[in-house]
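Just so you know, we're using the numbering used here here: the sequence shown kicks off at 60 and counts up by one.
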Amino acid sequence: MAGGRIVKLGVCGLFLILTLAGCVTTVNDPLTAKASSKKAVEEYVNLGLGYFQQQQYDLAIKRLRRALEIDPGNPRALSALALVYQAQQEPELAEKTFLDVIREHPEFTQGRSYYAAFLYQNDRLEDALAQLREASNDVEYEGRALLFFNIGQIERRLGHNERAIEAYRKSLVLNPAQPRVRLALAFAYSESGQHEQAWKAFLQYRESVRRGLARHSAASVALGVRTARALGLKDEEASLLLLLKNQYRNSKEARDLLGEP
60 MAGGRIVKLG
70 VCGLFLILTL
80 AGCVTTVNDP
90 LTAKASSKKA
100 VEEYVNLGLG
110 YFQQQQYDLA
120 IKRLRRALEI
130 DPGNPRALSA
140 LALVYQAQQE
150 PELAEKTFLD
160 VIREHPEFTQ
170 GRSYYAAFLY
180 QNDRLEDALA
190 QLREASNDVE
200 YEGRALLFFN
210 IGQIERRLGH
220 NERAIEAYRK
230 SLVLNPAQPR
240 VRLALAFAYS
250 ESGQHEQAWK
260 AFLQYRESVR
270 RGLARHSAAS
280 VALGVRTARA
290 LGLKDEEASL
300 LLLLKNQYRN
310 SKEARDLLGE
320 P
């Protein structure tokens, strides 16, 4: 299934879910083009998603409704329409539309992932987890690594660190080039008391930072400090404490670890 741009949903600072498949911000209006019905539907949906990204929701709905006039029940159009309703803070209408998609097109993994994000945003964590696990069974879905990352995020938030670790590891099997997943894995190991594994994952994340593929934060450096301390790595602990003091002096993590007011 084709993938496209990623929309970030700020939960735990890392939860990522929405892939707007085929989304573009500008396309030719199909009303002026001689196109097949299938092509017209595709272009109307893309145009609707473009308006959605620009927060022009009324125009987005008009284009998506036009797509549905041509192809009633089109899963991409319905899923996009549900996203618009969600953005307009119409949760009941959004959920009804998401459920219509899942009921009529259970194989449409993209729509199921959208619904999982909706559930997560509404703190329905167990429901979101169930949808993500169902979506992750689609072995041909190109966003599968991201699904497992999100599964890990929810499991970790629920306090199920071993399950979170399993999900993060699966995500990295599917796509090793994910620094944020390695950092999340390091946190999960640390919270489980598996300090050697946490340190290994932290070092892999630090290498990504060194190569310019990721950036440290007060939280990531503090994780390194705590893990090095737990393992008795005095030089590493001192080096990371210095980094925390120099770069993140005003952070809560620095105050906690440096003992400064």
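Ideal Cβ positions, reconstructed from N, Cα and C, are used throughout, including at glycine.
Looking at residue j and residue i, is the spacing between their C-beta atoms short of 8 Å?
i, j, result
"Leu299", "Leu317", "no"
"Ala46", "Ala313", "Coverage of the chain is limited to positions 60 through 320, which leaves residue 46 absent and any answer about it impossible."
"Leu233", "Phe207", "yes"
"Ala204", "Leu191", "no"
"Arg324", "Ala194", "The requested residue 324 does not occur in the structure, where the chain is confined to residues 60 to 320."
"Glu296", "Val284", "yes"
"Ile161", "Leu188", "no"
"Val143", "Phe177", "no"
"Asn220", "Glu250", "yes"
"Ala126", "Ala136", "yes"
"Leu244", "Arg228", "yes"
Quick check on residue i: buried or exposed, where buried means 16 or more other Cβ atoms within 10 Å of its Cβ?
i, result
"Glu214", "buried"
"Val100", "buried"
"Pro134", "buried"
"Leu217", "exposed"
"Gln169", "buried"
"Glu102", "buried"
"Ala236", "exposed"
"Gly41", "What the structure shows of the chain is the stretch from 60 to 320, and residue 41 is not part of that stretch, so it cannot be assessed."
"Ser95", "exposed"
"Arg348", "Shown here, the chain extends from 60 to 320; a query on residue 348 therefore has no answer."
"Leu158", "exposed"
"Gln306", "exposed"
"Leu301", "exposed"
"Arg270", "exposed"
For residue i, which three-state DSSP category applies?
i, result
"Leu244", "helix"
"Arg215", "helix"
"Leu290", "coil"
"His254", "helix"
"Gln21", "Not covered by the structure: residue 21. The range shown for the chain is 60 to 320."
"Ala297", "helix"
"Asn133", "coil"
"Gly202", "coil"
"Tyr307", "coil"
"Phe207", "helix"
"Gly318", "coil"
"Asn105", "helix"
"Ala313", "helix"
Which same chain residues end up closer than 7 Å to residue i when comparing Cβ atoms and leaving out the 5 residues on each side of it in sequence?
i, result
"Val83", "Bear in mind that the predicted position of Val83 carries a pLDDT of just 45, short of 50, making it too unreliable to give a figure here."
"His275", "Val268"
"Ser37", "Examination of residue 37 is not possible in this model, given that the chain is present from 60 through 320 alone."
"Asp315", "none"
"Arg222", "Glu214"
"Gln263", "Arg241"
In chain order, what residues of the same chain lie with their CB nearer than 6 Å to the CB of residue i, ignoring the 5 residues before and after it?
i, result
"Leu140", "Leu123, Thr156"
"Leu272", "Pro238"
"Ile224", "Ala247"
"Leu152", "Tyr144"
Starting from the C-beta of residue i, find all residues in its chain whose C-beta is less than 8 Å away, skip the five residues before and the five after it, and write them out in chain order.
i, result
"His254", "Tyr248, Thr286, Ala289, Leu290"
"Tyr116", "Tyr110, Val143, Ala146, Gln147"
Using 8 Å for Cβ pairs, my map puts residue i next to residue j. What's the rounded Cβ distance?
i, j, result
"Gly132", "Glu163", "6 Å"
"Phe246", "Leu282", "6 Å"
"Tyr173", "Ser138", "5 Å"
"Pro150", "Asn196", "Not confirmed; about 27 Å, so no contact."
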